Structures are given as C-alpha cells and as structure tokens.
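**Student:**
Residue numbers (the numbering used here): 14 to 157.
1. Using only alpha-carbon positions, find the residue among 124, 118, 22 and 69 that is nearest to residue 92.
2. Going by other Cβ atoms of all chains shown within 10 Å of its Cβ, with 16 needed for buried, is residue 118 buried or exposed?
3. For residue 19, which residues of its own chain have a beta-carbon under 6 angstroms away from its beta-carbon, when the five flanking residues on both sides are left out?
4. Hey, could you find the ends of the alpha helix (DSSP H) residue 112 is sitting in?
5. Can you tell me whether DSSP reads residue 62 as helix, strand or coil?
6. Could you give the residue range of the alpha helix (DSSP H) that holds residue 99?
7. Can you tell me where the alpha helix (DSSP H) with residue 26 in it begins and where it stops?
8. Give the C-beta separation of residue 39 and residue 53 to the nearest angstrom, bearing in mind that I take them to be a contact with Cβ-Cβ under 8 angstroms.
9. Identify, in the order they occur along the chain, each residue of the same chain with its Cβ nearer than 7 angstroms to the Cβ of residue 103, setting aside the five sequence neighbours on each side.
10. Ignore the nearest five residues each way along the sequence and tell me which others in residue 35's own chain have a CB closer than 7 angstroms to its CB.
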C-alpha cells in the first residue's frame, strides 16, 4: 500500500508542477492588452490559485529538505509573505478585491499543501515510515 501511495505522491507532485505551471504561464495577467480586459480578469482568477499552489509546493520542498525547525519556519514564513505581497502587485483591482482573491488563493494553496503533506507522510519518502516499514523497498527480490 505504501508503494502505491508513493507512486501517487510522485504523480501528484509532477502533475501539480506541470498543470499549475502551465496555467501560471498561460494566464499571467497582461493589462497592457485592453481589448480583452474581461478575459484578463477571468484569467487572473485562474492564475492566482496556480500561483499560490506552486508557492505552497515550494514550501513543501523546503519543509522536507530543511531539518532545523526555526530556520524552516522563518524561511517558509518569509517566502509566503513575499508571495502574498507580490500577488497584490500582479493584479490591477481595488484593494478589497485583491485581498479577497489573494486570501482565496492562499487558502486553495494551503489545501493543496495539506493534501501533499498527507501523501508525503504516508509514502515511502517519509523518513519515519521508511525506517520502520520493510515494504517500502523500491526494488524487491520478487520482481527479479
């Protein structure tokens, strides 16, 4: 079962980077083209969750790679603060609308992060599970 979750975790990470990376580049708000302003506004609503999901994915990678808790918390907090503040620069709305869109995006990103962490903790990549579970061997003797 842990091998299956490990494969699903890898597919989740690769799929997230591919899908949300594509959405990030395709729907970047371009307010210089005023001909299709409503499409730009709708594109911003697609762009922001993708932007925050990829930011939370960066937090996930920092979380699993940095060991010291105080450094981990401070770097992740600074990263998320910078991402949140920069999201206001990207949009061209009133401050209240920008705040609502950014808060919604950061919540959607956190839900994605939460699912990613659950998959990670139950996969063979988690150090605790890998050390205590013999069925996390990627290459078993049964295949050979």
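The beta-carbon is built from N, C-alpha and C at its ideal position, and this holds for glycine as well.
Owing to the predicted nature of the structure, the values given are computational and were not obtained by experimental measurement.
**Tutor:** In this structure, then:
1. 69
2. buried
3. 136 and 137
4. 108 to 134
5. helix
6. 82 to 103
7. 15 to 39
8. About 12 angstroms; that fails the 8 angstroms criterion.
9. 42
10. none
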